[in-house]
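Data block below; observations after.
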Amino acid sequence: MVNEKTLGITSLCLVALMLLTTLLVSSLHNSPVLQEELDFTVTGSNGCLRFLTRDVGVVYVPFVVGVGESWDLVVECTEIATPGGWVDLYLYEGYWDEGVNHKCVSEDIYPILDSVESLDFELSLDNPFAGTFVGSGQSYTLFFIFPPGGPSSFHVSLNRSVGFLPMIKSG
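In the numbering used here, the protein residues as written are 8 to 178.
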């Protein structure tokens, strides 16, 4: 015959073990993305230049800056449809990756649009963006809209840097 005290302790241990296992599995699924260096070119065009138009083509670059890490993000406009044209850059303090090949439409980001802030930066052929992001486990997503009037291309690179400087904007 099993002692009630032993049965109670065994049940308590099983519940604690199940709780610990659940927390461990949950932390594995919610662990931050391990950031890798990025180097890609993206091309597209739009008929208009407004986030509020549902089908406006948007470029997004999600990345994570781990504790003690420093990452250099460079975005260069390599071709732009409108002579002298430019695009604004926007930053979301969070990891958003719900598009395909770094492209989405504005409607896709409506749920987070209130948290997307302007970097007050005009990206153009003669004005590339360069920023250094120093981390404490923070995630970011950079957004910008393809300009109207025909195809435009942008080269994006994200590389681990050796310096530990605060975010710097070129220009």
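For glycine and all other residues, C-beta sits at the position ideal for the given N, C-alpha and C.
| field | In chain order, each beta strand (DSSP E) run of at least 3 residues that lies wholly inside the region 45-119 | value | If one requires a minimum length of 3 residues, the beta strand (DSSP E) runs lying completely within the region 45-119 are 45-51, 64-72, 77-86, 93-99, 110-112, in chain order.
| Nearest neighbour of G157, chosen from L41, N166, G51, V74 [CA to CA] | Nearest of L41, N166, G51, V74 to G157, Cα basis: G51.
| request: Confirm the yes/no value for this check: CB of E129, any heavy atom of the ligand ZN, distance under 7 Å. | output: The ligand ZN is absent from the structure shown, which contains no ligand whatsoever.
| message | What would DSSP say about A137, mapped onto helix, strand or coil? | response | In the structure shown, A137 sits in a strand (DSSP, three-state: E or B).
| Under the rule that 16 or more other beta-carbon atoms within 10 Å means buried, what is Y117, buried or exposed? | So Y117 counts as exposed.
| query | Counting along the chain, where does the beta strand (DSSP E) carrying E129 start and finish? | reply | Where E129 is concerned, the enclosing beta strand (DSSP E) starts and stops at 123-131.
| field | Integer-rounded CB distance, given that C55 should sit under 8 Å from F161 | value | About 18 Å separates the CB atoms of F161 and C55; that is not less than 8 Å, and the two are not in contact.
| said: Buried or exposed for T148, going by 16 or more other Cβ atoms inside 10 Å? | reply: So T148 counts as buried.
| query | For G64, is the classification buried or exposed, using 16 other Cβ atoms within 10 angstroms of its Cβ as the cut-off for buried? | reply | Buried, because 16 or more other Cβ atoms sit within 10 Å of the Cβ of G64.
| query | Taking all protein chains shown into account, do 16 or more other C-beta atoms lie within 10 angstroms of the C-beta of G4, making it buried, or fewer, making it exposed? | reply | Outside the displayed range of the chain (8 to 178) lies residue 4, so it cannot be described from this structure.
| field | Inter-residue spacing [alpha-carbon to alpha-carbon] between V22 and W93 | value | Reliability of the predicted coordinates at V22 is poor, the pLDDT of 44 falling under 50, and no value is obtained from them.
| said: Assuming contact is defined by CB atoms lying nearer than 8 Å, are D62 and E114 in contact in what I supplied? | reply: Closer than 8 Å, so yes.
| Distance between beta carbons of V123 and Y97, contact taken as under 8 Å | Contact flag correct, Cβ pair sits at about 5 Å.
| task | Report the rounded CA-to-CA distance for S168 versus V66, giving the unit in angstroms. | result | Approximately 23 Å, taken between the alpha carbons.
| query | Cα-Cα, which of V82, L45, G73 is closest to P135? | reply | P135 has its Cα closest to that of V82, out of V82, L45, G73.
| query | By Cβ distance below 6 Å, which residues in the same chain neighbour S164 in space, the five residues on each side in sequence not counted? | reply | Excluding positions up to five away in sequence, the list reads D46, V81.
| Residues bridged to Q179 (per DSSP) | There is simply no residue 179 to check, as the chain begins at 8 and stops at 178 in what is shown.
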